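First residue of the sequence shown: 40, per our numbering; consecutive thereafter.
Quick reminder that beta carbons are idealized off the backbone N, C-alpha and C, glycines included.
A quick note: this is a predicted structure, and the numbers were derived from the prediction, not measured.
Report on one structure; see the data block that follows.
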Amino acid sequence: MRRIQHFLTLLDLPPATLRGIIRRASELKHLQRTGKPHTTLQGKVLAMIFEKSSTRTRVSFEAGMSQLGGSAMFLSPRDTQLGRGEPIEDTARVLSRMVDCVMIRTFAHTNIVRFAEHSHVPVINGLTDLYHPCQLLADMQTFFEHRGDIQGHTVTWVGDGNNMCHSYINAARQFDFQLRIACPHGYEPDAKILATAGKCVRVVREPSAAVEGTDLVVTDTWVSMGQEKEKQHRQAAFAPYKVTRELMAFAAPDALFMHCLPAYRGMEVEAEILDAPDSVVWNEAENRLHAQKALLEFLLGD
Ligand code: CP
Ligand code: NVA
């Protein structure tokens with residue numbers, strides 16, 4: 040069988056390919072904004088399996104496929120046989136005989152790996168407990184559009200060592216930037232993922248030291264999907280890691296702030312940072328659409 044190119048983590052594609060996808064994403068953004076048709080995936084069908092909630096991921100993939108001339112279908116475990124115990128492997132075999140690509144948002148990363156191993160079509164990670172690579176395509180596109188190439192720059196992650204943080208670690212390796220991670224004890228990123236990154240990633244406990252002179256500050260919710268029961272405990276542990284105006288003042292004068300959203304104003308970030316007139320988080324959210332269209336073209340195009 041021909042090797043199928045999946046996108047389960049940022050490490051699945053070489054750096055030059057990732058950069059090509061980001062370039063194309065900006066082109067597609069221009070085509071979209073100027074009303075120029077770009078139906079490069081006519082007749083192609085994307086199946087989207089969501090085991091967790093979503094606004095951005097669902098809408099951007101669905102709108103993106105439609106703008107490219109194809110279509111997307113939303114599948115929830117509640118009304119498919121997956122939710123009644125049909126094995127992941129069998130679902131992969133069947134779906135991949137009917138559609139051209141499958142996007143999955145699930146809990147355990149091993150679920151998506153198992154699915155991909157039995158799929159005849161490309162599988163895209165729409166978020167697992169371990170990674171969120173599509174968000175990183177959009178974040179990198181946003182940095183490139185506002186500040187140029189991220190190579191050699193410094194990025195600071197403030198908060199939980201979660202799926203987004205893991206994808207930032209992979210991005211530091213692939214795009215060649217320095218990543219500092221400010222997180223409380225007990226909430227570090229996965230030790231193995233951290234170890235693979237070598238010198239380009241460092242854990243710096245003190246938020247102000249981690250942010251000092253940085254070019255991009257990124258945070259995320261303190262309570263990811265599936266961690267709702269830990270909410271109180273987490274809010275106490277993360278309180279010193281809120282992104283405030285005072286913390287941003289330690290960063291480079293033109294530093295950007297990003298958040299994958301949904302954001303909890305007054306928790307991980309002060310409202311005024313998100314709502315500032317120069318906030319790029321809305322552009323970052325929009326870029327999910329363009330970056331994923333470029334990814335779909337790359338995986339499904341001729
Ligand atoms: N950032 C992100 O993936 O948002 P959704 O959960 O709304 O898809
Ligand atoms: N870390 C968050 C990201 C949401 C897009 C979560 O997994 O819930």
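Checklist entry - Among Ser-110, Val-257, Leu-300, Glu-336, which residue has its Cα nearest to the Cα of Leu-166? => result Residue 166 sits at position 127 when you count from the first residue of the sequence shown. Ranking Ser-110, Val-257, Leu-300, Glu-336 by Cα distance to Leu-166 puts Leu-300 first.
Next on the checklist: Checking the sheet assignment: what are the DSSP bridge partners for Phe-113?
Outcome noted: One-based indexing of the sequence shown puts residue 113 at position 74. Partner(s): Met-87.
Next on the checklist: Given this structure, state the Cα-to-Cα distance separating Pro-292 from Glu-267, to the nearest angstrom.
Outcome noted: Translated into positions along the sequence shown, residue 292 becomes position 253. Translated into positions along the sequence shown, residue 267 becomes position 228. So the two alpha carbons sit approximately 36 Å from each other.
Checklist entry - DSSP beta-bridge partners for Thr-193? => result Locating residue 193 in the sequence shown gives position 154, counting from the first residue. Looking at the DSSP assignment, Thr-193 forms a beta bridge with Gln-217.
Item to check | Given Gln-274 as reference, the closest of Glu-285, His-298, Phe-296, Tyr-303 once Cα atoms are compared | outcome: Locating residue 274 in the sequence shown gives position 235, counting from the first residue. Of Glu-285, His-298, Phe-296, Tyr-303, the residue nearest in Cα terms is Tyr-303.
Item to check | Cutoff 7 Å; reference His-205; Cβ partners in own chain excluding five residues on either side | outcome: Residue 205 sits at position 166 when you count from the first residue of the sequence shown. The residues are Leu-169, Tyr-170, Pro-228, Asp-229, Ile-232.
Checklist entry - Helix, strand or coil: which one does DSSP assign to Thr-56? => result Counting from one through the sequence shown, the residue named residue 56 turns up at place 17. Here Thr-56 sits in helix by DSSP.
Next on the checklist: Suppose contacts are defined by Cβ-Cβ distances below 8 Å. Is Thr-181 in contact with Met-287 by that definition?
Outcome noted: Taking the first residue of the sequence shown as 1, we reach residue 181 at position 142. Taking the first residue of the sequence shown as 1, we reach residue 287 at position 248. Going by C-beta atoms, Thr-181 is not nearer than 8 Å to Met-287.
Next on the checklist: Counting beta carbon pairs with one atom in the region 53 to 67 and one in the region 134 to 141, are three or more of them shorter than 8 Å?
Outcome noted: Between the region 134 to 141 and the region 53 to 67 there are fewer than three inter-stretch CB-CB distances shorter than 8 Å, so the stretches are not counted as touching.
Checklist entry - Can the beta-carbon of Leu-67 be found less than 8 Å from the beta-carbon of Leu-176? => result In the sequence shown, residue 67 corresponds to position 28, counting from 1. In the sequence shown, residue 176 corresponds to position 137, counting from 1. Contact flag unset, no.
Item to check | Straight-line Cα distance separating Val-133 from Leu-121 | outcome: Here residue 121 refers to the residue found at position 82 of the sequence shown. Here residue 133 refers to the residue found at position 94 of the sequence shown. The straight-line gap from Cα to Cα measures roughly 12 Å.
Item to check | Assumed close pair Ile-88, Ser-158 - CB separation to whole angstroms, cut-off 8 Å | outcome: Counting from 1 along the sequence shown, the entry for residue 88 is found at position 49. Counting from 1 along the sequence shown, the entry for residue 158 is found at position 119. Actually they do not touch by this definition, with Cβ atoms about 11 Å apart.
Next on the checklist: Let's see if you can read the secondary structure: which residues bound the beta strand (DSSP E) around Arg-144?
Outcome noted: Taking the first residue of the sequence shown as position 1, residue 144 is located at position 105. 140 to 144 is the span of the beta strand (DSSP E), which, as asked, contains Arg-144.
Checklist entry - With 16 other CB atoms within 10 Å as the buried threshold, where does Ala-221 fall? => result Position 182 of the sequence shown holds residue 221. Answer is buried; the Cβ neighbour count reaches 16.
Checklist entry - What is the C-beta distance between Cys-173 and Arg-327, in whole angstroms, given that I count them as a contact (C-beta under 8 Å)? => result Numbered from its first residue, the sequence shown carries residue 173 at position 134. Numbered from its first residue, the sequence shown carries residue 327 at position 288. Between the beta-carbon of Cys-173 and that of Arg-327 there is about 7 Å, and that keeps the pair under the 8 Å contact cut.
Item to check | Cross-strand partners of Asn-164 (DSSP beta bridge) | outcome: As a position in the sequence shown, residue 164 is number 125, starting the count at 1. Asn-164 is bridged by DSSP to Ile-143.
Next on the checklist: By alpha-carbon positions, which one of Asn-164, Val-160, His-272 ends up nearest to Ala-147?
Outcome noted: One-based indexing of the sequence shown puts residue 147 at position 108. Put simply, of Asn-164, Val-160, His-272 the residue whose alpha carbon is nearest the alpha carbon of Ala-147 is Asn-164.
Checklist entry - Where do the N-terminal and C-terminal ends of the beta strand (DSSP E) with His-298 fall, by residue? => result Sequence index remark: in the sequence shown, residue 298 carries index 259 (1-based). Segment 295 to 298, the beta strand (DSSP E) holding His-298.
Checklist entry - Do Thr-48 and the ligand CP come close, with the Cβ less than 7 Å from some heavy atom? => result Numbered from its first residue, the sequence shown carries residue 48 at position 9. The answer is no for Thr-48.
Next on the checklist: Quick check: does the Cβ of Gln-174 come within less than 7 Å of any heavy atom belonging to the ligand CP?
Outcome noted: Position 135 of the sequence shown, counted from the first residue, corresponds to residue 174. Gln-174: yes, Cβ under 7 Å from the ligand CP.
Checklist entry - Residues bridged to Thr-258 by DSSP? => result Sequence index remark: in the sequence shown, residue 258 carries index 219 (1-based). DSSP lists His-298 as partners of Thr-258.
Next on the checklist: Less than 8 Å between the beta carbons of Phe-214 and Met-179, yes or no?
Outcome noted: Numbered from its first residue, the sequence shown carries residue 214 at position 175. Numbered from its first residue, the sequence shown carries residue 179 at position 140. With a cutoff of 8 Å on beta-carbon distance, Phe-214 and Met-179 are scored as near each other.
Checklist entry - Which residues in the same chain as Trp-196 place their Cβ atom closer than 6 Å to its Cβ, once the five residues preceding and following it in sequence are excluded? => result Along the sequence shown, one-based indexing puts residue 196 at 157. The answer, listed in chain order, is Cys-204, Tyr-207, Ile-220, Val-257.
Next on the checklist: Just checking Cys-299 against the ligand NVA - is the residue's beta carbon closer than 7 Å to any of the ligand's heavy atoms?
Outcome noted: Stepping through the sequence shown from its first residue, residue 299 is reached at position 260. Checking the 7 Å criterion, the Cβ of Cys-299 is within range of a heavy atom belonging to the ligand NVA.
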